[in-house]
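Engineer: Here it is: the structure, laid out below.
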Amino acid sequence: MAERLALLKKHLPPFLVEHPEMYSLLSKGIHELSEEDCLAHFDTLRIGIELILDGKLERKERESKVRYAKVALAKAIGDTKA
């Protein structure tokens with residue numbers, strides 16, 4: 013399974029690539045584990061999912077800042093040429 017994750021790492025969240033055991037536990041939860049077993053691992057997996065979502069939010073915020081900075085810089089350069 014680690015090999016498959018390595019092949020897909022460009023398309024997966026970095027945390028999941030760094031922690032393939034999380035993918036394994038999620039997969040077992042879907043296919044093998046009882047509801048009680050899933051509940052026992054819920055908090056651990058929730059934290060991992062939150063970290064993945066936090067990373068996605070951080071990337072979106074950074075992209076937004078970069079877009080803003082480009083526009084502001086272009087305006088500043090235009091203002092100095094006028």
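In the numbering used here, the protein residues as written are 13 to 94. Just so you know, even glycine gets a beta-carbon here, dropped at the ideal spot from N, CA and C.
So for S46, helix, strand or coil by DSSP?
Structural biologist: In this structure, S46 counts as coil in the three-state DSSP scheme.
Engineer: Closest by CA to L37, which one among H53, A88, H23, L24?
Structural biologist: It is H53 whose Cα lies nearest to the Cα of L37.
Engineer: Using 10 angstroms around the beta-carbon of L28, count the other beta-carbons present and answer buried if the total reaches 16, otherwise exposed.
Structural biologist: Per the 10 Å Cβ criterion, buried.
Engineer: Does DSSP classify M13 as helix, strand or coil?
Structural biologist: Correct three-state label for M13: coil.
Engineer: Determine whether the beta carbon atoms of C50 and G60 lie at a separation below 8 Å.
Structural biologist: The answer is no: Cβ separation not under 8 Å.
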